[in-house]
Amino acid sequence: MQFSRKAKFASQQVSKVTSIQPERAGFIEKEDDEVITQDVIRQHVDLGSATKQFELSLNSGPYSINYSRSGRLA
15 MQFSRKAKFA SQQVSKVTSI QPERAGFIEK EDDEVITQDV IRQHVDLGSA TKQFELSLNS
75 GPYSINYSRS GRLA
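Rendered as structure tokens:
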């Protein structure tokens, strides 16, 4: 019985972790109707990353910029 409870608990913990960790690092996958805000992201990252959040207020927008997969400007 004890093994069964431990296995169930471990399975629940794994499902929680995999729901916030994408298969590829650096990507967030969402449904078409889902909105992901900075607050949602902040809740799922480590404390060091969460404290680096900032807001840009840019006038005369919208702006766009293209980055390559390596993170450099394209």
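As numbered in this note's numbering, residues 15 to 88 make up the sequence shown, in order.
The C-beta atom is built at its ideal place from N, Cα and C for all residues, glycine as well.
These numbers were taken from a predicted model, which means no experiment stands behind them.
- Membership of Gln57 in the alpha helix (DSSP H) is indicated by the continuous run 52-57.
- Following the DSSP letters along the chain, one finds Gly85 in no alpha helix (DSSP H), marked with neither H nor E.
- In the DSSP assignment, Leu61 falls within the unbroken alpha helix (DSSP H) covering 61-64.
- Distances from the CA of Ala64 to each of Gln52, Ser74, Asn73 were compared; the closest alpha carbon is that of Gln52.
- In the three-state reduction of the DSSP assignment, Ser25 falls in the helix class, which pools H, G and I.
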